[in-house]
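For the sequence shown, the numbering used here assigns the number 14 to the initial residue and increments by one for each residue that follows.
Here a beta-carbon is modelled for each residue, glycine too, at the ideal position from N, C-alpha and C.
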Amino acid sequence: MMKILEMTFDGYWLYRHRHRLPKIGGLYLVYTCEFAVDRNTLRLLNLIYVGCSTDIHRAFSQHPLSLDFLAELEPGQTLCIATTPLAPFERHLAKAALAQTFSPPCNQEVEFQLEEQAIQLSLYGRSGNLPTHFSTQLLRIAPPPPTHTPKPEKPTLSKVFHCTW
14 MMKILEMTFD GYWLYRHRHR LPKIGGLYLV YTCEFAVDRN TLRLLNLIYV GCSTDIHRAF
74 SQHPLSLDFL AELEPGQTLC IATTPLAPFE RHLAKAALAQ TFSPPCNQEV EFQLEEQAIQ
134 LSLYGRSGNL PTHFSTQLLR IAPPPPTHTP KPEKPTLSKV FHCTW
């Protein structure tokens, strides 16, 4: 059965205004963009990351990939962020679907899926240059098996000695 997700994005927050990001659980899109101060307009360039969190504000401000985000910028560019509220299960599905479909360069982590799932997404509002309606098939990606370090073997005698008295 196909899962249908509808998302309405709000934004855009420039990187320098990241302290204004909403303190909501949901999904966020990180783009490179050019901002024209004199006209107060921005031009979206590339989607570089899809993230999800129980608190977007905190997650983005403390994100371990912040330097990776900034490394994607060319001179004259900045980052901007769009957000949408989503329930916990839906945000993980949406993140996996968007990351799998668009392959943003900073999405290197693997979203584990216990089963294949067809998803139809409808994006409204400030979702940038992404298509507004599309479907995708999430592939089953099992978590890696736990790493097991074998215990060192107990020392054993390699020879048996028979004693006679």
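Same chain, Cβ closer than 6 Å to residue i, five either side skipped, listed in chain order
i: S148; result: Q133
i: L143; result: L136
Separation of residue j from residue i, as counted between CA atoms
i: E19; j: H146; result: 9 Å
i: I17; j: P77; result: 31 Å
i: Y137; j: E103; result: 16 Å
i: S79; j: R139; result: 22 Å
i: E122; j: L55; result: 29 Å
i: Y28; j: A131; result: 34 Å
C-beta atoms of residue i and residue j nearer than 7 Å
i: T97; j: G24; result: no
i: K36; j: H70; result: yes
Contacting residues, own chain, Cβ-Cβ under 8 Å from residue i (five flanking each side not counted)
i: G89; result: E47
Neighbourhood of residue i by C-beta distance below 7 Å, restricted to the same chain and skipping five residues each side
i: T45; result: L58, N59, I61, E85, L86, Q90 and L92
i: Q75; result: none
Candidates the options, of which the one nearest residue i by Cα
i: T114; options: Q150, I17 and T67; result: Q150
i: Y41; options: A95, S116 and L80; result: A95
Every unbroken beta strand (DSSP E) inside the region 27-78 [3 residues or more]: Counting only runs of 3 or more residues that sit fully inside the region 27-78, the beta strand (DSSP E) segments are 39-49 and 54-66, in chain order.
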